[in-house]
Amino acid sequence: MICQSPPRKTIEGRNRRPPIPQKVPLILLYSTFPRIISLITSSLRAPLVPDNYPAIRTRLIRDDLMSDTRKTKAQLINELQAARKQIAELEADLERLRSTFEGMPEAVALINAEGKLIYESPSVLRIGGRTPEELEGTNFTDYVHPDDLGFIERKLPEVISMPGITPPVSVRFRHANGSWRWVEITVNNLLADPRVRALVCNFRDITSRKEIEKELIRITKAIESSGEAIGMSDPHGRHFYQNEAFTKLFGYTAEELATLGGGPIVYTDPNVAREVFSTIMAGNPWTGEVEMRSKDGRRFPVLLHADAIKDDRGEIIGLVGVHTDISALKQAEETLRQSEQNYKLLFESTLDGLIVLDGQTFKVLLANESAAKIFGFDSAAEGIGLDPLDLLHPEERGRAARIIAEDMFEKDLHEVNEFRAFTCDGREIWIEAIGKRILYQGKTAGLVSVRDITARKHAERLINIERDLAQALSAAFRMDEGLHLCTEAALIASRMDCGGIWLFDEKTGTLDLQYQQGMPEELAAALAHHGPDSPGAQLVRAGKPVYSRYGAIGEPLDEIGRRHGLKAMAIVPLIYENRAIGCLSIASRSMETVPPLTRKALELIVGQIGPGINSLRDREALRQSELRLRAIFENANDEIVLLDRDGTIIARNKEGEDLVGYRPEEVIGKKFTEVGQVLSIESSKVVRELFGNATIEVGREVPWIMEIHAIHKNGTPVVLEASSSVLEREGKIEGLVVVLRDITERKRVEEQILQRNRHLTALNEIAQTISRSADLDAIMDNTLAKMLEILNIRHGAVYLMDTARSALILKTHRGMPRESFGTYDVIRVGEGILGNITQMRETVFFESLPDISEITPGGRKLVTDYNLRSAIFTPLLAKDEIQGFMCVLTEGDRVFTAEERELVGTIGHQISIAIENARLMEASSRAKALEELDRLRTALLASVSHELRTPLTSIKGLSSSLVQPDIHWDSETQQEFLRIIDHESDILTHIVNDLMEMSQIEAGIMRLEKTRSTLSSILRQINDHLQGLVKKHRFEVRLPDDLPPIYVDEIRIGEVITNLVQNAVSYSEPGTAITLEAHRNDNEIVVEITDEGIGIGPEHIDKVFDRFYRLESGVARRRGGTGLGLSICKAIVEQHGGKIWVESQLGKGSKFSFSIPLPQES
């Protein structure tokens, strides 16, 4: 920093020379000044006042006087006196200048053009240690340092060539004592001045300054490289220096600060700036924190150390300040403070219990409120000083003491451990604890984190119970066995003492006790039965669980429970498909109330019991159905034969001779084509082809009814009616069921009817097969997809057992494409790792597939290509039989945890139940289909046999009468007989046509030939036929003129109208009215046929359009037929996109209506 300069000292204390008298002519001064200069320069080489000074002075005066001859004498005398006075003053000044010149610290020397010293002032002795006499005549370069000599030699010609004063230069000169001194030389080139003719050189000794500069350079470098911001100012506060760190910190340049007033501008508080300045100027350093601001206005804390810069006399010549930005330090301190607060808040507010243990005594030093809550204390302070082992179960204390002493304090291991513990009120809980050795208040201590895992332990136990119950229910067959499993699981899960299961009777609505365990006999007997309207039954039907004490819900039998010490009770409805099917009721002698965890456990268990009981019911129904079917099979009038896929006869229901004369031992075990010469050549060919088609794949069209031309064992021909259905298992055909009926006698008159009926039966069976099949593939696919989603993995597959091939077949998969499976598409049982999994009958886990040495090359390629790591294979068991297995796989470093392995096993059991249920539903549906087929067949045969018998009897009787040789009929009688035969033949034709048409409809092969037409046009086409039908009735047609055209099959719609009119004729008395009318209703045409017949009772309205259905009362028997007319009408109308319906009042008549949609352009 620059200090304030002291006042300049002058000769004799004067600041300036006395003024020149105005009476002295300026021309005299101007003319004498060059001479004065010359005298000064010449006096540098000689005495200051030369010996001939008087002569010189006289000459000067003379010259001046002669310069103006026009002046008077008096003027000249005055001027002469003034000049003398001025000269006297000049001489005095010259004397003073000489004394000053010789006393100057700088030396002056004159050097000629050759570099010779021609004059030296006395000061050269002080600077160089040599006298002027020693130096005069020598070359000044003889004394220059060798390193500077080149510079002088280059500089000297430049100085000689440039008149005037040149900038100073610094060189080193050798002192007389041999040392080198730094000298600053300023040269004034007066070589051209004839009075001097030399270089006037001013020599100044700057050796001390150079040393100071050297030290300043070292200090400056240190300052510049310092990370601290350093600034300097003079004693007046004027800023003159700053290092780069200062510039970066404050953003100002040194010039900007000097302009703006110096350092105080960076202070945010001027008072602090004044305090710092006054302290330093008082001679004391100042250190402290201050707030400062940068050029951009940013405020920040600074640690400032300021002090004075003093010279060797102790005078203050500047100020220096060292500035340290402590923003980061302050931030760190604030962060540390916040961190301490956060840790304290975390300690107090964390949900886990935190306990600090003394490292010597293991006693509790500190605990948070969460720990107090876990162990039931009112506050954390109650636990201070306790021994934590006292809170644990006695069986856990030894293990816990070892873990605290060794694992936590000695080894500093951080492992999670589980313990049984007690709350302060004696309630048993499970805790999870992990400890760490720490320093607390300067001493070794242990920090233990405690978490209450009672709920989790309860959930794990509940999951195990659920899993075991699901497995047990999937293997149970009897209802009582299943109820026992369910009740026992509920008692274990709830830890209650007794209970039972009540189920609703679907017919009576009563709620009956089906199974109980541990209940007092008196209580079980009293609660065994609840009426449909009893409070207990109504409570269960409400569908909401009830948890209470005995006596609190108003049951009169609660007194019995209290008498036997029962306290808490639970009634949980069993829900299946959104309705209550019964309830689980259990009670406890020790619990005052049912805890929340117990309630949750019961509700979860009940979620398994409802579907489980329903499954047991289905199995029971299936067993009963199997018994009924076996009874039907063994007692059926028709012959039933079971064939496997190869056509081998494996069973039949006839004990004696069959329809073709063979006994069971002659045919069972043989292929149907190997039994004698039973089939004709044509029938054998057809049967072989049909059997082959039927056993190729599921869903192929199989003729359900066919005719077989067979040969009886005794050689007579036999025509058999054979109906068949496919035996399926797991989507694979295992064989056929064939029902045989001898139709030899009926064949001649029913051939066409039976042909159509075969198609009808076949199509009907296909529809039944679709309706009874459960979509097992969808169940497996969706379950696998959901499981992979839960596990967050990509790869999985389900294999099902093909017992015929003794192999596991890939049914569904996720992740890798199917073609990647290669040989793993089909896995042979007992071959390789996967083939042996099914024999283990338990879940298999492979932690690292790449490390398995027994893996096949194909399997290793899959592991490598898809980066597979671990795998779980769980068998699918149903009725203790392997149905297949399910596998899931991880990738990369992912390995299944124990919980995930258990989850996969549980899901596998669920899939097993689904497979079993689907198969049970499949079997149950098949049984129902067989019953329906038998009903339809019976109805068809009963209807057709009756309707065919009447016309055939008439035809047979009349034709036999006509051909008798001993009776001759007259022509009129013969014509009457032929007319009757013709009429009865028409009836037969009508019956056959109805059967054929219904077969086409059921087969879906009836084609519509739609054209644009009108209702009046259709009526004109069938008018003759209608008139013939209604000739005994009053028939009226009402059609509006503006009915729009329709797009229909004219023949089929005419057939519908004809059938409905004929139906009205058949069920109404002669002479009554029959009306046919039509109208438009929005976008359709509605046709109505109204009669005044017997009407239809409400119980028959929904059945009149069923196949083979006829009213059996009143005049119904007047009309023959198969009962298919209205069914055919319904099918034709629906194929047109319309609807058909009937409105009727018993005894007043009926109105049959049907609608036909209008074309879009209408």
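If you count by the working numbering, then the sequence shown holds residues 3 to 1164, one letter each, in order. By construction, the Cβ of each residue, glycine as well, lies at the ideal position given by its N, Cα and C atoms. Bear in mind that the values here come from a model prediction, so they are computed numbers and not experimental data.
- Looking at 1026, 1052 and 257, the one whose alpha-carbon comes closest to that of residue 1019 is 1052.
- A Cβ-Cβ distance of about 17 Å is found for the pair residue 547 and residue 468, leaving them out of contact under the 8 Å criterion.
- Minimum Cα-Cα distance from residue 866 among the listed residues 908, 880, 886 and 893 corresponds to 893.
- The C-beta distance from residue 291 to residue 303 rounds to 6 Å, short enough to meet the 8 Å contact threshold.
- When the beta-carbon positions are compared, residue 886 and residue 801 come within less than 7 Å of each other.
- Residues 697, 735, 736 and 737 of the same chain have their beta carbon placed closer than 7 Å to that of residue 647, with the five preceding and five following residues left out of the count.
- Counting along the chain, no beta strand (DSSP E) covers residue 142, and no H or E run does either.
- For residue 543, the enclosing alpha helix (DSSP H) covers residues 537-543.
- Residue 113 and residue 120 have their alpha carbons spaced roughly 6 Å apart.
- The segment 439-452 and the segment 350-362 touch, with three or more beta-carbon pairs separated by less than 8 Å.
- Rounded to whole angstroms, the gap between the alpha carbons of residue 301 and residue 294 is 6 Å.
- Spanning the alpha carbons of residue 85 and residue 93 requires a straight line of approximately 12 Å.
- Only residues of its own chain outside the window of five on either side were considered, and among them 376, 431 and 433 have a CB closer than 7 Å to the CB of residue 454, listed in chain order.
- The beta-bridge partner set that DSSP reports for residue 1050 consists of 1013.
- Going by DSSP, residue 472 is part of the alpha helix (DSSP H) stretching over 456-477.
- With contact defined as three or more Cβ pairs closer than 8 Å, the segment 472-486 and the segment 383-393 are not in contact.
- Contact annotation, residue 530 with residue 507: C-beta distance approximately 13 Å; criterion of less than 8 Å not satisfied.
- One Cα belongs to residue 729, the other to residue 1085, and the distance between them is close to 48 Å.
- Look at residue 583 here: in three-state DSSP terms it is strand.
- Taken through DSSP and simplified to helix, strand or coil, residue 1110 comes out as coil.
- For the segment 203-259, the continuous beta strand (DSSP E) assignments of 3+ residues that do not extend past its boundaries occur at 231-235 and 241-244, in sequence order.
- DSSP places residue 1063 within a helical segment (H, G or I) once states are collapsed to three.
- Cβ atoms of residue 498 and residue 589 come within 8 Å of each other, at about 6 Å.
- Put simply, the backbone Cα of residue 616 is about 11 Å away from that of residue 584.
- Counting only runs of at least 4 residues, the segment 416-453 fully encloses no alpha helix (DSSP H) element at all.
- Counting the other CB atoms within 10 Å of its CB gives residue 139 a total below 16, which places it among the exposed residues.
- In terms of Cβ geometry, residue 874 and residue 898 form a close pair [threshold 7 Å].
- Ranked by Cα distance from residue 1150, the first of 77, 496 and 1099 is 1099.
- One alpha carbon belongs to residue 803, the other to residue 427, and they sit about 57 Å apart.
- In the three-state scheme derived from DSSP, where H, G and I count as helix and E and B as strand, residue 875 is classed as strand.
- Secondary structure at residue 854: coil, using DSSP grouped into helix, strand and coil.
- Ranked by Cα distance from residue 829, the first of 810, 141, 835 and 818 is 810.
- The Cβ atoms of residue 204 and residue 108 sit closer than 7 Å to each other.
- Annotated three-state conformation of residue 514 is strand, per DSSP.
- Here residue 81 is buried, its C-beta having at least 16 other C-beta atoms within 10 Å.
- In this chain, the alpha helix (DSSP H) harbouring residue 349 covers 329-351.
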